[in-house]
Every structure is written in C-alpha cells, then in structure tokens.
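Numbers 929 to 1368, taken from the numbering used here, label the letters of the sequence shown in order. For every residue, glycine included, the Cβ atom is placed at its ideal position computed from N, Cα and C. Down below is the structure, laid out as structure tokens.
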Amino acid sequence: MVEGIFTKRRQRIALKLDINATEKDWFNWKWQVKNSIKSIESFENLTEIEFPEEERKKLIETQERFPLSITPYYLSLIHKENYKNDPVFKQAFLDERELIITSSEMSDPLSEDHDSPVPCITHRYPDRVLFLVSNICAMYCRHCTRKRKVGDVDSIPDREQIKKGIEYIRNTPEIRDVLLSGGDPLMLPNDYLDWILSEIEAIPHVQVIRIGTRIPVVLPYRVTDDLVNMLKKHHPIWINTHFNHPQEITASSRQALEKLANAGIPLGNQSVLLAGVNDCPRIMRKLVQLLVMNRVRPYYLYQCDLSEGLSHFRTPIGKGIEIMENLIGHTSGFAVPTYVIDAPGGGGKIPIMPNYIISWSVNKVILRNYEGVITTYQEPRNYEQNFCDRDCPNCNLELEIIDGEEDIKVIGIEKLLSDHDKTISLVPKNNERLKRRFDK
C-alpha cells in the first residue's frame, strides 16, 4: 500500500465518514480530527472488523473507563487481516485487559501532580521543568502514562493557568530548559502556541525549549507549512516525537519529519517498550535505523510505566537489556537510544544498560565489548586530581562564569562525589538505625 497518496482503502474510509469527502479533505488535519473514530461501532464499520458480542461488552466497559479516539489516518495503517497482532491496532484500540488494575499500578505513577508547584508545571530536575500546555491529543494511545487525564475536559488548562506556569518559570532562575508536553502541544492553534513560545522565549534564563509530540506519527498532516514557519521563529527549539514501530514510518510521516528537519529543528524520538508491539530486537533495530534515515535521533527507550491498566503492555526489564545488547555495537552509535525506567514516585529517569565493566583494580579496568571480547584499559599512573572547592575564578581549569549565571547546588550522588561538600552519606528519612540513636 502506498502511504503518500489517497489509496482506495483511504478513500473508502473517508467516504464512510463523510459522503462528500475528497482527497483534499483526507490530507486536511482539521478534517482528520473532526472525523476521529470514537466509538466501537464506527471502528467496526470502517475496518470491517467485527467483535464477538461478549468481547464487545468488555470493550464498551473499557471505553467507559478509558476513552477511545483514533485519527482516520492512523486507522488506515492497521492490517486487518491479522489485526490481533497488528502493532498499530494494539496501540490505538481498546483492550479489555486495560480494566485489570494490579496492586503496583497508580493513576499518577511518576508523581507529576505532587511535584507540581503551580498548575501545569512539574519541577522534578534542578534546571528544567515539564510544562503541560494541553490535554488534547490527536489520538488516545492505549499505553499513555497520563491516562488519568485523557478525555477529561475539566483538566484542560486555560490561559490563566498557562500564565501561572510562565510566571513560575520567570521567577525560577535555575530553569534553563522547558519541555512543553500534554496532551500534545501541536494540537494547539498556531497563534496560541506562538504566544506560549514567545512568552517563554522572552525569559532571559531559558536557553532551550522542547516540544514532546506524537503528531508526526498519528496526524502528520498537522505539520503544515504555516506551523513550521511559526516554529522556526523560536530557535533554539527541539522536538521529540514518539514512534514505536517501523509500520508507523510512512510516506506521510516522513514528509512531516522532513519539513521539521529542513526548518533546522533537531528531532529526537522516545519509544516505549511494549509487549506484543516492539519487544523484539529486530523490530527495534529496524525502527532506529529508519529514524536516523529520516534525521531523527533515537533518544529514549522507556520501560512501560506503572500507570493503571498497562500491565499487559509491560515487559521484564531483561527484555529491554536484551534489546540494548542487540543495538550497541550492531548499529550506529547515534542510532542507539538510552534505555530508562522513569522511577515510580517521581525519582526521574534511571538509565539501565548491559554491564560492560567486568572488574577493575587501581591500575586496570577489565571490559568486555558487544562481541564478548574481554580487554583491559590501563589507568594513568601520573594523574593529578584537581581538588574542587568551587572557587572557579581561581581554578587552573578555564571556565568563563557569566555575570548572573546561577550555580546550581549539588544534590544526590553528585554531592557525595564532590570535594567541597562534607556530606559522606545519604540516609533515608525513616532509617531505623538513626531512630534508635535519636531515642537514646
């Protein structure tokens, strides 16, 4: 099937949705959104897939808990002949297993709401914030970590809430990086998104703005010349998209990525490891290679979060390690994402990698490579450590300190490794041993 043209299948879908639909309509992103598939009946009618009555009852129950919305474009990518195993179908359509809520699952597993000093802002890392500017998506992904907000009109931020978020960024000088997410920021009207970007861009200490979006995957026609020309005004701007399977990289999505890349916008990709979708080393290798062919650098491979109703999507961490073993050394280094677990409770992203250091001594490090070759690295015998007291102006290493540049305080492991801080251990708040000491 040719993806970049108005195929007979797409024409059939379009005419079922709108008897007067034309080829021009199909490639109009607003028509796509207006005609999103939001019911089981509509899905069956358009795909000619029929669900048994008992399964349909479970699907209806699932939809009442977690809403359904699929763009006609993304629907057209489903291979109905083997839909039960189709990666697009699994990501887009209801699954009765979403009703299974295990004891380890949470509505807000990353504690984004707890780390929110003002509406729409999550401030977890020292120098950057997550800014949730929209809760509207082109499609409701079944594996979404924010399923608690999907389809909830009461949680759509208004302009006053957005202003409070901008004000927080303005009043917090350590913030140098702002990530716009949602929902999907690119679902906002151009002029509204332009206003948000302009307000953030005007804050002196903000150095870079990022946008997280799935638009190139599920609604590539949204990437219009007008949108791209607006985004070009706000460099430096980075965009991270969300391709999970090679089947999603179509002529239409490639064209959207090309427009963004040609506008000078660096592109990254964040995939989620999903059971039955991409938990295969060959699938992931093909995906990352197709991404770099389209000037998109694989950024993260996420372990699936502990959000409610996602247990059927989660794999053991060992599967992710296996995939990384099949990428590192087996394809270009810049095509290898970082495999991470976004720590439950808001601990942030923790990189998980295969073990390449076998052992080490004072003089040597014993390493292994992707082939299993074991080798040694000789440590330097005459290394003289620079003792750091944070007196940068008088250090023998050169670093130009700009007036007004904030020096972020050291925390966590960085604090233990530092020379200037006297902390020797990090102790959990409810440590029983220290409680016994204090009781004496």
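Straight-line Cα distance separating residue j from residue i
i: Asp1086; j: Cys1048; result: 10 Å
i: Thr1071; j: Met1281; result: The amino acid occupying residue 1071 in the given sequence is His; Thr does not appear at that position. One C-alpha to the other measures close to 23 Å.
i: Asp1041; j: Thr1050; result: 7 Å
i: Gly1340; j: Cys1065; result: 36 Å
i: Pro1194; j: Leu1005; result: 27 Å
i: Leu1202; j: Pro1321; result: 49 Å
i: Gly1274; j: Tyr1305; result: 37 Å
i: Phe994; j: Asp1036; result: 15 Å
i: Pro1148; j: Tyr1001; result: 9 Å
i: Asp1023; j: Lys958; result: 27 Å
i: Asp1119; j: Lys1160; result: 14 Å
i: Arg1076; j: Thr1243; result: 22 Å
i: Leu1219; j: Ala1263; result: 8 Å
i: Lys1350; j: Leu1038; result: 31 Å
i: Glu1299; j: Tyr1230; result: 25 Å
i: Val1106; j: Ile1028; result: 35 Å
i: Ile965; j: Phe1021; result: 10 Å
i: Asn1324; j: Tyr1311; result: 15 Å
i: Phe1059; j: Ser1235; result: 20 Å
Environment of residue i [buried if 16+ CB atoms lie within 10 Å]
i: Pro1132; result: exposed
i: Cys1069; result: buried
i: Phe1017; result: buried
i: Arg1052; result: buried
i: Ser1181; result: buried
i: Leu1155; result: buried
i: Pro1356; result: exposed
i: Val930; result: A caution first: Val930 carries a pLDDT of 48, below 50, which makes its placement in the model too unreliable to give a value.
i: Asn1222; result: buried
i: Cys1232; result: buried
i: His1258; result: exposed
i: Asp1014; result: buried
i: Leu943; result: exposed
i: Val1268; result: buried
i: Trp954; result: buried
i: Pro1174; result: buried
i: Leu1108; result: buried
i: Glu1360; result: exposed
i: Gln1313; result: exposed
i: Asn1283; result: exposed
i: Asp1112; result: buried
i: Lys952; result: exposed
i: Val1057; result: buried
Residues that DSSP places opposite residue i in a beta bridge
i: Pro1226; result: Asn1197
i: Lys1292; result: Gln1306
i: Arg1138; result: Leu1107, Trp1166
i: Thr1266; result: Tyr1228
i: Ser1271; result: First, the amino acid is wrong: residue 1271 is Ala here, not Ser. DSSP output for Ala1271 lists Gly1276 as bridge partner(s).
i: Val1057; result: Val1106
i: Thr1259; result: Ile1256
i: Ile1370; result: A query on residue 1370 cannot be resolved here, the shown segment of the chain reaching from 929 to 1368 and no further.
i: Thr1030; result: Its beta-bridge partners do not exist; DSSP assigns none.
i: Ser1062; result: Gly1110
i: Ser1287; result: Ile1294
i: Ser1235; result: Met1034
i: Ile933; result: In DSSP, Ile933 forms no bridge with anything.
Residue of the options minimising C-alpha distance to residue i
i: Glu1102; options: Leu1362, Val1338, Lys1075; result: Val1338
i: Gln991; options: Arg1138, Ser967, Val1268; result: Ser967
i: Glu1253; options: Tyr1227, Pro1209, Val1301; result: Pro1209
i: Arg1142; options: Lys1012, Phe979, Thr999, Lys1292; result: Thr999
i: Leu974; options: Ile1269, Arg937, Val1146; result: Arg937
i: Ile1097; options: Arg1076, Tyr1120, Ile1124; result: Ile1124
i: Val1134; options: Ile933, Ser1289, Tyr1298, Asp1055; result: Asp1055
i: Met1067; options: Phe1262, Ser1346, His1170, Ala949; result: His1170
i: Leu1345; options: Arg1361, Asp1319, Phe1315; result: Phe1315
i: Glu1176; options: Asn1197, Pro1164, Lys1343, Ile1165; result: Asn1197
i: Ile1090; options: Arg1076, Met1115, Leu1121, Thr1100; result: Leu1121
i: Pro1117; options: Ser1062, Asp1347, Val1057; result: Ser1062
i: Lys1012; options: Asn1190, Gly1204, Glu1236, Glu1312; result: Gly1204
i: Asn1099; options: Arg1150, Pro1045, Pro1113; result: Pro1045
i: Thr1178; options: Gln1217, Ala1130, Val1145; result: Val1145
i: Ile1352; options: Glu1342, Ala1130, Asn1358; result: Glu1342
i: Ser1032; options: His1173, Lys962, Gly1237, Met1158; result: Gly1237
i: His1163; options: Ile1139, Lys1277, Gly1248, Ala1184; result: Ile1139
i: Glu969; options: Phe979, Lys1277, Val1293; result: Phe979
i: Asp946; options: Thr935, Gln960, Ile933; result: Gln960
i: Asn1291; options: Pro1308, Lys985, Lys962, Glu1009; result: Pro1308
i: Val1224; options: Asn956, Lys1247, Gly1246, Gly1192; result: Gly1192
Whole-Å CB distance - residue i paired with residue j, under 8 Å assumed
i: Thr1030; j: Ser1239; result: 5 Å
i: Ile1094; j: Ile1137; result: No, Ile1094 and Ile1137 are not in contact; Cβ-Cβ is about 12 Å, not under 8 Å.
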